[in-house]
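Read through the structure below, which is laid out as structure tokens, and then see the notes.
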Amino acid sequence: MIQAITAKAQKTITIALAGNPNSGKTTLFNHLTGAHQHVGNYPGVTVEKKEGKTSHKGSEIAVIDLPGTYSLTAYSIEERVARAAIIDEKPDVIVDVVDSSNLERNLYLATQLMEMELPLILAFNMADLAKERGFLFDLEHLSTLLGVPIISTVGRTGHGVAGLLDRVLEVADGSCAGQKREINYGKEIEGAIEQVLPLISQIPTRYAGSPKRWLALKLIEQDKEIAEAFEDAKLLAAVDEVVKRLTVLLGEGPEVVIAERRYGFISGACQECVKTTTEMRHDVSDMIDTIVTHKALGLPIFLVLMYFVFQLTFTVGTPFVMLLEKIFAALGAGISSFWPAGSDSLVRSLLVDGVIGGVGGVLTFLPNVVLLFMAIAVLEDTGYMARAAFVVDHIMHKIGLHGKSFIPMLVGFGCSVPAIMATRILESRRNRLTTIMVIPLMSCGARYPIYALIIPAFFPLKWHGPVMWLIYVTGIALAVAVAKILRLTIFKGETIPFVMELPPYRMPTAKALVIHAWERAKLYLQKAGTTILMASLIMWGATNFPRWEGVVTVERGGAESVTAVVEGSAEGGVTVGRGGGEAAQMQLTHSIAGRVGAFIEPAIKPLGFDWKIGTALVGAFAAKEIFVSQMGVVFATDGQGNQTLRDKLAESYSGLTGFCIMLFCLIAIPCMATVAITKAETGGWKWALFQLGGLTVLAYLVVLIVYQVGHGLGLG
Amino acid sequence: MVSSTKPLSHIKDGEKVKFVSVEAGRGLKNLLAAMGLVPNTEFSVVKNGGHGPMILAVKHSRLALGRVMATKIMVTKCLHSTLAKGA
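Taken in order, these protein sequences are the chains called A and B.
In terms of our numbering, the first sequence has 312 at position 312, counting the first letter as 1, and numbering is strictly consecutive.
In our numbering, each number is its position in the second sequence, counted from 1, plus 716.
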């Protein structure tokens, strides 16, 4: 046998892993492919596409991890994607990963794969747990009844995986073929199938490989996708008639009865092949659940856990972040040293201020991102995440969101970019879009430096905490209000029904956690290397061009007039030397960013802002924290700490303006990375621009009201 | 004892019921079916807090179900019902 297989080793075999969520499919996938994984998106939709490679007995095996689904109808994106991958990519073998401790529900998907008459293997996963829970299987008999080879596996230890791959090779080369088994759907439905079958004359090319009986069944189930593929009006009209009659006959839609009969078939097979010795599966899980979903305790437990997640993310992450900051600073200094001191080389500025300043600024948050996703992976893999969604569902429901929306919103306090990526856990598109739109209102870590600059400049020490709190709470309140409004207007529609499995609690494996965190980190790095790099370069250009050449008199909106005679031009960027302060200021005011700042001054004047703030706000579009360094440049401070800048701010503006700056930075203009990730995750510019415009308008209105009212009350 | 149909949301903790029907669109019916909730399935209510979602024991899994959904699912109480606790 081994020889026969080696002879075929030239061709790469493709297997697709299908299975229910929580069936241990991903663990098995990780075990099969290790670090050789690639995560992308299915084109046009935001369902993750995971692929990997492995080899067995000299054969190269490509593994596709299909999205976890309970069924294969055309109703959810995941199911459509899984079905499309099976039909269009024609994998050589489909491995359906079945949680053998929850067999009947898991076999529902298997029956649907059986009906597609695909080269199928069932991996009875979590065999160890099933045994522990008192299940005894007669796999040989069950395999005969289902007409499909069954291999028992334990994804986390890799037990049975070699046997599974042996079988994969056999199925792929045809030496082990399944037997066709048909579920008997009862007189009425079988009759309907008989009626529809002869009417199918022309099979749509996409379904050329699919059995006719399956197509007939799908038409009777009124599967939209399949019905649309048949452009045969006569056939569809005839099917409609059949379905109408069936509905009357059965007193229920045929698709419901078909589902019922499938379970009947499964339950019949299980009665013959599965023995339950004890019933103890959920005892521990249920016990934990009575505590964590408790009416009074559930929410506090959730909040405490979230607090720990953030503590972990920031306290453990901060030393690493500081280390990265040092590395990037050293890198910048190292590159600078190639030029003579005080050099005004544009190339130097491009590399140090543009590339390292921009991309480095984002990359320094990498430790936070990795830790955060690690923590989320722990919550997900243990099964707690489903309970968290359960606990907050009641509250989230009131603003028209799903319990699970809470998680990405929480991530948003760290950084909007991973938060928007985390919305992938939401099934409904409307829900997902609404969540993405409000995520920038969660005050991210990059906005913190702005508050840290402004608050001490204008407020006495004992107010620092409350003011900070007020800013964060304002963000949350606005997010709630905006979500509610969006769900009542453009994302209107029935609230997403909350139906979710609460998987039994499990110990996560270290390997899964590492892979999970690494996947996210990789996506984050890719973003930093592409979009954010581009954005940084554009912003660098906007603050450095056109060049200011020495002697210029700048007049800005009548606000003030500055005349400076400084030889050489500005260094731009953040690290301006003592002598370069004024030059840098001149350069910035002369640049596109400065001109835009001046240009918008009349528009932002009602908010209490002048052109200097405007210029810094333009810079903040690249990354929020750049606001601080840009303020440093426009005020021509020497960049030696924030103290002098704070003094200058306090001299120039009132506390009300200071507060309005923070408010505006909180609400307006999501940073360029956010815009880019929103575009990527929503599949187009439309929602990214809507978010950008919408939040900016909202910020303008809110700040306008706050400033004008405050001004009227004589606060500034 | 005559069993009458009731909305699932009225069922107390620990009671065992049989799924009769659900008033929902086809997509939702399919979703419920995929999770194991089809007519004639027997399942029990693990937790019904009176507000917020409920927890059900369906086949060998635990499902969380929103309250709005639960009001639309009609069930009958199984005779000799009730698990150990509650009732």
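Positions of the beta carbon are idealized from the N, C-alpha and C atoms, including for glycine.
In this text, all values refer to a predicted model and were calculated from it rather than measured experimentally.
Could you list which residues in chain D have their beta carbon closer than 8 Å to that of serine 760 (chain B), in chain order? No chain D appears in the structure shown, which is made up of the protein chains A and B.
So what's histidine 711 (chain A) in DSSP terms, helix, strand or just coil? The answer is helix: DSSP assigns histidine 711 (chain A) an H, G or I state.
Between the Cα of leucine 689 (chain A) and the Cα atoms of A:Ile669, A:Ala238, A:Ile200, A:Ile705, which residue gives the shortest distance? Checked all of A:Ile669, A:Ala238, A:Ile200, A:Ile705; the closest Cα to leucine 689 (chain A) is A:Ile669.
Within 10 angstroms of its Cβ, does glutamine 179 (chain A) collect 16 or more other Cβ (buried), or is it exposed? Taking a 10 Å sphere around the C-beta of glutamine 179 (chain A), we find fewer than 16 other C-beta atoms and assign the residue as exposed.
Enumerated in chain order, which unbroken segments of the beta strand (DSSP E) with a length of 3 residues or greater are wholly contained in the segment 468-497 of chain A? none
May I have the straight-line CA-CA distance separating alanine 736 (chain B) from asparagine 756 (chain B), to the nearest angstrom? Before going further, note that residue 736 (chain B) is valine rather than alanine in the sequence given. C-alpha separation (whole angstroms): 6 Å.
Measuring only the C-alpha atoms, how far is threonine 157 (chain A) from leucine 165 (chain A)? 15 Å
Under 7 Å Cβ-Cβ, which residues of chain A neighbour serine 777 (chain B)? Asn102, Arg105, Glu501
Given isoleucine 288 (chain A) as reference, the closest of A:Lys511, A:Glu625, A:Pro504, A:Lys648 once Cα atoms are compared: A:Pro504
Glutamate 260 (chain A) classed as buried or exposed, judged by whether at least 16 other C-beta atoms fall within 10 angstroms: Label assigned to glutamate 260 (chain A): buried.
Cβ-based contacts, 9 Å cut-off: residues of the segment 235-255 of chain A near chain B: Glu252, Gly253, Glu255
Take every Cβ of the segment 452-459 of chain A, pair it with every Cβ of the segment 366-374 of chain A, and state whether three or more of those distances are shorter than 8 Å. Not touching, per the Cβ criterion.
Note the first and the last residue of the continuous alpha helix (DSSP H) segment covering threonine 144 (chain A). 139-146
Looking at chain A, is there any beta carbon in it that lies within less than 8 Å of the beta carbon of leucine 724 (chain B)? Put simply, the CB of leucine 724 (chain B) is far from chain A, with every gap to its CB atoms at 8 Å or more.
Under a three-way DSSP split, which group does proline 723 (chain B) fall into? strand
Isoleucine 661 (chain A): which of A:Tyr700, A:Glu681, A:Thr682, A:Ala673 sits nearest, CA to CA? A:Tyr700
Out of A:Leu122, A:Gln691, A:Ile613, A:Glu89, point me to the one whose CA is closest to alanine 593 (chain A)'s CA. A:Ile613
Quick check on DSSP: helix, strand or coil for phenylalanine 124 (chain A)? In this structure, phenylalanine 124 (chain A) counts as strand in the three-state DSSP scheme.
I want to see whether chain A comes within less than 8 Å of aspartate 729 (chain B), judged by CB atoms only; does it? no
Inspect the beta-carbon positions of phenylalanine 320 (chain A) and glycine 360 (chain A) and report whether they are closer than 8 Å. Against a cut-off of 8 Å, the Cβ pair of glycine 360 (chain A) and phenylalanine 320 (chain A) comes out as no contact.
Would you say asparagine 756 (chain B) faces chain A, with C-beta separation under 8 Å as the test? yes
Let's test the definition: count the other Cβ atoms within 10 Å of the Cβ of lysine 728 (chain B) and tell me whether it reaches 16, buried, or not, exposed. That one is exposed.
Going by CA-CA distance only, name the one from A:Cys176, A:Phe29, A:Thr14 that's closest to alanine 512 (chain A). That would be A:Phe29, whose Cα lies nearest to the Cα of alanine 512 (chain A).
Kindly indicate which three-state DSSP category glycine 52 (chain A) falls into: helix, strand or coil? strand
Hey, would you say valine 774 (chain B) sits closer than 8 Å to leucine 753 (chain B), going by beta carbons? yes
Going along chain B, which residues have a C-beta under 7 Å from glutamate 260 (chain A)? Val754, Pro755, Asn756
To which residues does DSSP link valine 761 (chain B) through a beta bridge? Listed as beta-bridge partners of valine 761 (chain B) by DSSP are B:Leu772.
Contact set between the segment 294-324 of chain A and chain B, restricted to residues whose Cβ is under 7 Å from the partner: Lys295
Indicate the three-state DSSP secondary structure (helix, strand or coil) for leucine 753 (chain B) in the structure shown. coil
On the premise that methionine 306 (chain A) lies in contact with alanine 517 (chain A), defined as a C-beta separation below 8 Å, what is that separation, rounded to the nearest angstrom? That pair is no contact at about 18 Å.
Residue-chain proximity (proline 497 (chain A), chain B), Cβ-Cβ < 8 Å: Contact with chain B is found for proline 497 (chain A), since one of that chain's Cβ atoms lies less than 8 Å from the residue's Cβ.
Which runs of the alpha helix (DSSP H) spanning at least 4 residues fall entirely within the segment 169-213 of chain A, listed in chain order? 187-196
Within chain A, the residues that lysine 763 (chain B) reaches when beta carbons sit closer than 8 Å: Neighbours of lysine 763 (chain B) on chain A, chain order: Asp289, Thr290, Thr293.
Here's the rule: buried if 16 or more other CB atoms are within 10 angstroms of the residue's CB, otherwise exposed. What is glutamate 780 (chain B)? For the record, residue 780 (chain B) in the displayed sequence is alanine; it is not glutamate. Buried is the call here.
Own chain residues within Cβ distance below 8 Å of valine 697 (chain A), not counting five before or after: none
Check distances from the C-beta atoms of the segment 740-751 of chain B to those of chain A and list, in chain order, the residues that come in under 9 Å. Ala740, Gly741, Arg742, Gly743, Leu744, Lys745, Asn746, Leu747, Leu748, Ala749, Ala750, Met751
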